[in-house]
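Input: a single structure, listed below in structure tokens.
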């Protein structure tokens, strides 16, 4: 990431340096051209040159020839305020008129010179259009008698490119070294921060693991107390009622029979509740077998539950425990509150993690409203799974059933 950040920062800066170097070279070209206009053009452009006298033009051409040879000048032109070419090293252009753009009028009014690096495609560039990119410079000048003129020069772009590359190559190494030093300076605090995050993540996972284990332990305790005390006492009471029904007064047999049926039904309900409360040994049985045992009491009570669980699904203990808890809570809600007749439970695993989905055809509910008192199980599980680095979604609407989906990502640690 540090290397990518280095590239992201360095690339636009390199283009900025390149553009700044180009502008610097163009500014130098304007200064050089202005110097020629002030020192050579102004003294040499007299009334004869302005009138187009051939001998005067020849003399001006000879005077400018050495500068042309030394400064890599490809073409020169002198314009007057009417857009007439007063002088050009291409003699056929002398006397021709072209429309002056706004920048030409600004120059004649004393504005600063301009320079550009581009292909020359204007009407007056008949002899420059085939030369590719050229440096075109316009500066203000004047004749010996004070007539305002425009001096135009075309330079080869190689000197500008050379200066541009020289500036770029001279600035990039220290710039990259500075960025590299900044990255190295940030590395120690970044490592400390990463280690701190890992430590807190590990601490949070340990706390979550203990919370899940404590919850399962409490469920086991409640299930054991129900089985060893309440269910046993009720079963004994059932046998007593059966004995009283067989040997008691005939007029009480009907009442005793009804009471015994109610008691038997309550014992069966408590046994089913105990089975749901007591979590299986997931590590020994595996998630598939545990889910199959989980749905058996619901199927016995008439709820059609279809399971889609791959045989080769392998999950760690922490993931299995959380997904099992989601399935248990969702099945319990479907059986007790939704009025559903059919539930589909599916489990999927891939390289990214594991996902369990429980869908029913019940009456559904408005998911935007707060849950009623006593129906907070899935909301609590949602927070627990989020703490484990996963996500739980509840999709429902009145009349369309409910779908509960829990996803645990393998790239994030999951408590065991």
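Residue numbers (our numbering): 1292 to 1707. All C-beta atoms in this analysis are idealised placements derived from N, C-alpha and C, irrespective of residue type, glycine included.
ask   = Can we say the segment 1302-1310 touches the segment 1455-1463, given the rule of at least three CB pairs closer than 8 Å?
value = yes
inquiry  = Among 1365, 1381 and 1316, whose alpha-carbon lies nearest the alpha-carbon of residue 1348?
reply    = For this step, residue 1348 is matched to residue 57 along the chain shown. Minimum Cα distance to residue 1348 is reached at 1381.
task = Report yes or no: do three or more beta-carbon pairs, one from the segment 1498-1511 and one from the segment 1523-1533, lie closer than 8 Å?
result = Taking a contact to require three or more Cβ pairs closer than 8 Å, the segment 1498-1511 and the segment 1523-1533 do not qualify as touching.
message = Considering only DSSP beta bridges, list what residue 1673 is partnered with.
response = Position 382 of the chain shown, counting from 1, holds the residue named residue 1673. None; residue 1673 has no bridge partner.
query = residue 1659 bridges to which residues according to DSSP?
reply = As a working mapping, residue 1659 is identified with position 368 in the chain shown. DSSP, once it has assigned bridges, lists no residue as partnering residue 1659.
Buried or exposed (CB count within 10 angstroms, at least 16 for buried), residue 1641 = The sequence position of residue 1641 within the chain shown is 350, counting from 1. Residue 1641 comes out exposed.
key: Contacts around residue 1433, its chain only, beta-carbon distance under 7 Å, and the 5 residues preceding and following it disregarded   = Residue 1433 sits at position 142 when you count from the first residue of the chain shown. Answer for residue 1433: 1333, 1439 and 1440, listed in chain order.
task = Keeping to the same chain, check which residues put their C-beta closer than 6 Å to that of residue 1586; ignore five residues upstream and five downstream.
result = For the purposes of this step, residue 1586 is taken as residue 295 along the chain shown, with counting starting at 1. So the qualifying residues of the chain are 1596.
ask   = Which residue spans inside the segment 1484-1527 form an unbroken beta strand (DSSP E) run of at least 3?
value = Note on the segment 1484-1527: there is no whole beta strand (DSSP E) run with a minimum of 3 residues.
message = Just to check my reading of the structure: residue 1424 and residue 1406 have Cβ atoms closer than 8 Å, yes? What is that Cβ distance to the nearest angstrom?
response = Against the chain shown, residue 1424 aligns to sequence position 133. Against the chain shown, residue 1406 aligns to sequence position 115. About 13 Å separates the two Cβ atoms, so there is no contact after all.
query = To the nearest angstrom, how far is it from the Cα of residue 1672 to the Cα of residue 1659?
reply = Here the question's residue 1672 lines up with position 381 in the chain shown. Here the question's residue 1659 lines up with position 368 in the chain shown. For residue 1672 and residue 1659, the distance between alpha carbons rounds to 18 Å.
CA nearest to the CA of residue 1397, picked from 1386, 1371 and 1535 = Reading the chain shown from its first residue, position 106 is the one you call residue 1397. Residue 1371 is the option with its Cα nearest to residue 1397.
inquiry  = Can you look up residue 1375 in the DSSP assignment and give me helix, strand or coil?
reply    = In the chain shown, the residue the question calls residue 1375 occupies position 84. Three-state DSSP puts residue 1375 in a strand.
request  = For residue 1594, I'd like the list of residues in its chain whose CB is within less than 6 Å of its CB, leaving aside the five on either flank, ordered along the chain.
outcome  = What you label residue 1594 is simply residue 303 of the chain shown in a count that begins at 1. Hits under 6 Å: 1626.
query = With a CB to CB cut of under 7 Å and the five nearest residues on each side skipped, what residues in its chain are close to residue 1338?
reply = What you label residue 1338 is simply residue 47 of the chain shown in a count that begins at 1. Result list for residue 1338: 1436, in chain order.
query = If we cut at 8 Å on Cβ distances, does residue 1672 have a partner in chain D?
reply = The structure shown contains no chain D; it is built from a single protein chain.
Buried or exposed by the 16-neighbour rule on C-beta atoms within 10 Å, applied to residue 1588 = Walking along the chain shown from the start, residue 1588 turns up at place 297. Buried.
request  = Taking only the alpha-carbon atoms, compute the straight-line gap between residue 1623 and residue 1592 and give it to the nearest angstrom.
outcome  = By 1-based counting over the chain shown, the position of residue 1623 is 332. By 1-based counting over the chain shown, the position of residue 1592 is 301. Distance between the alpha carbons of residue 1623 and residue 1592: 12 Å.
query = CA-CA distance, residue 1340 and residue 1463?
reply = Counting from 1 along the chain shown, the entry for residue 1340 is found at position 49. Counting from 1 along the chain shown, the entry for residue 1463 is found at position 172. So the alpha carbons of these two residues sit roughly 49 Å apart.
key: Helix, strand or coil at residue 1684 [DSSP, three-state]   = Residue numbering aside, residue 1684 sits at position 393 when the chain shown is read from its first letter. In this structure, residue 1684 counts as strand in the three-state DSSP scheme.
query = Quick one: what's residue 1644 bridged to in DSSP?
reply = Position 353 of the chain shown holds residue 1644. 1641 and 1700, per the DSSP bridge assignment.
inquiry  = I'd like the list of long-range same chain contacts for residue 1375, defined as Cβ closer than 6 Å, with 5 residues on each side in sequence excluded.
reply    = Within the chain shown, residue 1375 is the residue found at index 84, counting from 1. Correct list, in chain order: 1388.
inquiry  = On the CB-based measure, 16 or more other CB atoms within 10 Å of its CB, does residue 1582 come out buried or exposed?
reply    = Here residue 1582 refers to the residue found at position 291 of the chain shown. Burial call: buried.
key: Nearest candidate by alpha-carbon position, reference residue 1395, set 1431, 1384 and 1379   = Indexing the chain shown from 1 puts residue 1395 at position 104. With distances taken between Cα atoms, residue 1395 lies closest to 1431.
inquiry  = Does the structure place the segment 1310-1319 close enough to the segment 1443-1451 that three or more beta carbon pairs sit under 8 Å?
reply    = yes
ask   = Whole-angstrom Cβ separation of residue 1378 and residue 1351, contact assumed at under 8 Å?
value = As a working note, residue 1378 is residue 87 in the chain shown. As a working note, residue 1351 is residue 60 in the chain shown. Correct: roughly 6 Å between the Cβ atoms.
task = Could you please give me the residues that DSSP links to residue 1368 through a beta bridge?
result = Here residue 1368 refers to the residue found at position 77 when the chain shown is read from its first residue. Its beta-bridge partners are 1379 and 1443.
Residues of its chain near residue 1557, where Cβ-Cβ distance is below 8 Å and the 5 sequence neighbours each way are ignored = Numbered from 1 along the chain shown, position 266 holds the residue referred to as residue 1557. If we look at residue 1557 and ignore the five residues flanking it on each side, its Cβ neighbours are 1525.
For residue 1599, the residue or residues it bridges with in DSSP = To locate residue 1599, count along the chain shown from 1; it is residue 308. DSSP, once it has assigned bridges, lists 1637 as partnering residue 1599.
task = Can you give me the start and stop residues for the beta strand (DSSP E) that residue 1426 sits inside?
result = One-based indexing of the chain shown puts residue 1426 at position 135. Run containing residue 1426: 1424-1433, per the beta strand (DSSP E) assignment.
query = Among 1630, 1651 and 1618, which residue has its Cα nearest to the Cα of residue 1725?
reply = The chain is shown only over 1292 to 1707; residue 1725 falls outside these bounds and no answer can be derived.
key: Nonlocal neighbours in the same chain, by C-beta distance under 6 Å from residue 1324, ignoring five residues either side   = Within the chain shown, the letter at position 33 stands for residue 1324. Within the same chain, and ignoring the five residues on either side of residue 1324 in sequence, the residues whose Cβ sits closer than 6 Å to its Cβ are 1428, 1430 and 1444.
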